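Participant:
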Amino acid sequence: MNNFSPNMLKTFEICQRKYHFKYIEKITMPQKSSLFEKGKKIHALANYYLRGDNISKMEASLNQEELNTWEILKSNIFLKKEYIKSEYNLSCKIGNYWIGGRLDALVKDNENFYILDYKTGSIPQNPEYDFQTMIYLLCASKMYGENIKFVYIDLKNNQNCIIDYSQEKEKIYENKILDICNKINNFELTENINHTNICKLCEYKKICI
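FYI, in my numbering the residues of the sequence shown are 44 to 252.
Given below as structure tokens:
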């Protein structure tokens with residue numbers, strides 16, 4: 044039985060050959076750690092902050108750019124809501140497939156639960172139907188019911204992108220996920236490949252022929 048994460052589905056949709064290298068051959072290619080350092084620090088800070096831990100030493104270690112980003116997140120209205128969990132895994136079964144991922148945080152108020160996802164870079168171009176949105180909402184709805192929303196916290200632009208959950212969306216989400224999971228399950232690597240501009244940024248470009 045297969046288990047799929049949002050990144051796995053996104054990778055397959057963008058490039059099946061990259062999916063093969065990364066998730067079937069399990070080839071790991073080096074990437075610049077600096078590309079992810081800021082995001083890792085902000086996520087760690089938010090996790091400890093929401094848990095009520097003392098983060099003063101961690102804050103003191105930030106550079107000015109990181110501190111500015113952290114202050115934006117710390118003042119966000121959704122971090123003021125009631126804390127439930129942060130940095131935890133959840134999953135559910137759709138058809139014959141298990142899907143799931145790791146949430147940045149889950150909070151609530153008197154009306155709704157909110158899945159929070161912090162973005163130090165860009166939010167998805169089509170956030171309502173991004174695989175991360177669809178998988179997290181489907182999995183969380185199984186545990187917390189229909190009164191749940193997904194919130195992308197855009198730290199670059201200091202904006203929140205809020206996506207509602209509904210039974211109508213549930214059917215659309217399930218069909219989209221089942222469709223791509225079935226494609227992955229029946230996937231066979233071919234020699235033919237059409238390179239695009241995206242390939243120039245791919246960490247696997249040196250081994251992709």
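Note that beta-carbon positions come from the ideal geometry of N, C-alpha and C, so glycine has one too. Fair warning: this is a prediction, and the values are worked out from it, not measured in the lab.
Is DSSP giving ILE137 helix, strand or coil here?
Facilitator: ILE137 falls in the strand class under three-state DSSP.
Participant: Alpha carbon to alpha carbon, what distance is there between GLY143 and CYS182?
Facilitator: Spanning the two alpha carbons is a distance of roughly 7 Å.
Participant: Taking the alpha helix (DSSP H) that ILE178 falls in, what are its first and last residues?
Facilitator: 174-187
Participant: On the premise that LYS83 lies in contact with THR112, defined as a C-beta separation below 8 Å, what is that separation, rounded to the nearest angstrom?
Facilitator: That pair is no contact at about 12 Å.
Participant: Are three or more beta carbon pairs between the region 164-177 and the region 132-141 nearer than 8 Å?
Facilitator: no
Participant: Does the Cβ-Cβ distance between ASN218 and TYR140 come in under 9 Å?
Facilitator: The Cβ atoms of ASN218 and TYR140 do not sit closer than 9 Å to each other.
Participant: Would you give the residue range spanned by the beta strand (DSSP E) that CYS204 belongs to?
Facilitator: 202-207
Participant: According to DSSP, simplified to helix, strand and coil, what is TYR247?
Facilitator: coil
Participant: Rounded to the nearest angstrom, what separates ILE98 and LEU52 at their Cα positions?
Facilitator: 35 Å
Participant: DSSP three-state label for ILE142, please.
Facilitator: strand
Participant: Which residues in the same chain as GLN206 place their Cβ atom closer than 7 Å to its Cβ, once the five residues preceding and following it in sequence are excluded?
Facilitator: Reading the sequence as shown, one finds Ile at residue 206 and not Gln. The residues are PRO170, GLU171, THR176, LYS192 and PHE193.
Participant: Run the CB neighbour count on THR54, radius 10 Å, all protein chains shown included, and call it buried at 16 or more, exposed below.
Facilitator: By the neighbour-count rule (16 or more Cβ atoms within 10 Å), THR54 is buried.
Participant: Assign ASP147 to one of three DSSP states: helix, strand, or coil.
Facilitator: strand
Participant: ASP160 lies in the beta strand (DSSP E); which residues open and close that run?
Facilitator: 156-162
Participant: My output table needs one value for ASP222: the three-state DSSP class, helix, strand or coil.
Facilitator: Under the three-state reduction of DSSP output, ASP222 falls in the helix class.
Participant: Quickly, what does DSSP pair ASN132 with across the bridge? List them, please.
Facilitator: ARG145
Participant: Are PHE121 and ILE196 touching if we call contact CB-CB under 9 Å?
Facilitator: yes
Participant: Is DSSP giving PHE64 helix, strand or coil here?
Facilitator: In the three-state reduction of the DSSP assignment, PHE64 falls in the helix class.
Participant: Compare the Cα-Cα distances from GLU213 to each of GLN202, LYS226, LEU180 and LYS199 and report the closest residue.
Facilitator: Put simply, of GLN202, LYS226, LEU180 and LYS199 the residue whose alpha carbon is nearest the alpha carbon of GLU213 is LEU180.
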